[in-house]
């Protein structure tokens with residue numbers, strides 16, 4: 224991966240606060256041309272430093288009021304990829320991680336209500352070959368959501 228310099232870090236810090244900010248505003252703040260910002264952002268994207276430019280959609284606005292984290296234990300850790308092939312077909316799963324610790328996998332799920340959550344658990348997740356058990360943690364409130372901090376050198 225290419226080295227990220229001081230200007231790149233400043234651009235990333237600005238974009239992490241507001242991904243919709245116009246390049247001309249970033250250029251003014253960084254004291255460089257708009258073309259330089261465009262080239263830097265394109266390079267950061269091409270190199271996998273910037274991995275998306277999505278809008279965050281509030282799940283509650285679409286009727287998904289229950290956010291849960293589900294720990295999944297598998298018969299064997301080597302079954303992970305086969306299980307993911309099943310999980311990818313469940314649209315309510317928004318994240319999936321292969322983990323260390325008490326679970327083989329940890330998934331983040333949004334459900335419309337507890338009835339749908341129970342259906343997801345009993346009729347979908349626990350029926351996947353290799354899934355031994357699940358443990359569900361319901362999120363009562365999301366208190367923090369942010370990007371990783373970007374360390375900037377002093378000027």
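In the numbering used here, the protein residues as written are 224 to 378.
Note that the Cβ used here is the ideal one computed from N, Cα and C, for glycine as well.
This structure is a prediction, so every number in the text was calculated from the model and none was measured.
- Task: Within the same chain, show all residues whose beta-carbon is closer than 6 angstroms to that of residue 298, passing over the 5 residues directly before and after it, in chain order.
- Result: Shown here for residue 298: same chain residues with a beta carbon closer than 6 angstroms to its own, the five before and five after excluded, namely 353, 355 in chain order.
- Using alpha carbons as the reference points, say which of 272, 255, 319 lies closest to residue 294. Selected option, being the one with the closest Cα: 319.
- Is it true that the stretch 262–269 meets the stretch 298–317, where meeting means three or more beta-carbon pairs spaced less than 8 angstroms apart? Three or more Cβ pairs closer than 8 angstroms define a contact, and the stretch 262–269 falls short of that threshold against the stretch 298–317.
- Out of 262, 254, 281, state which residue places its alpha-carbon closest to the alpha-carbon of residue 368. Minimum Cα distance to residue 368 is reached at 281.
- Message: Please give the ranges of any beta strand (DSSP E) in the stretch 323–353, keeping only runs that are unbroken, at least 3 residues long and fully inside the region.
- Response: Contiguous beta strand (DSSP E) elements confined to the stretch 323–353 occur at 328–334, taking only those with 3 or more residues.
- Message: Could you tell me the alpha carbon to alpha carbon distance between residue 366 and residue 292, rounded to whole angstroms?
- Response: In this structure, the straight-line span from the alpha carbon of residue 366 to that of residue 292 is close to 15 angstroms.
- Work out the CA separation of residue 334 and residue 262 for me, nearest whole Å. C-alpha of residue 262 to C-alpha of residue 334: approximately 41 angstroms in a straight line.
- Query: What separation, rounded to the nearest whole angstrom, lies between the Cα atoms of residue 326 and residue 288?
  - Reply: When rounded, the distance between both Cα atoms is 25 angstroms.
- Query: Out of 238, 364, 247, which has the shortest C-alpha to C-alpha gap to residue 274?
  - Reply: Comparing Cα-Cα distances from residue 274 to each of 238, 364, 247, the minimum goes to 238.
- Task: Evaluate residue 244 with the Cβ neighbour count: other Cβ atoms within 10 Å of its Cβ, from every protein chain shown; 16 or more gives buried, anything less gives exposed.
- Result: So residue 244 ends up on the exposed side.
- Query: Span of the beta strand (DSSP E) holding residue 291?
  - Reply: Taken as a continuous stretch (DSSP letters only), the beta strand (DSSP E) holding residue 291 covers 289–297.
- Is it true that the CB of residue 255 sits closer than 8 angstroms to the CB of residue 285? No, the Cβ-Cβ distance between residue 285 and residue 255 is not below 8 angstroms.
- Taking only the alpha-carbon atoms, compute the straight-line gap between residue 370 and residue 338 and give it to the nearest angstrom. Near 32 angstroms, if we compare the C-alpha coordinates of residue 338 and residue 370.
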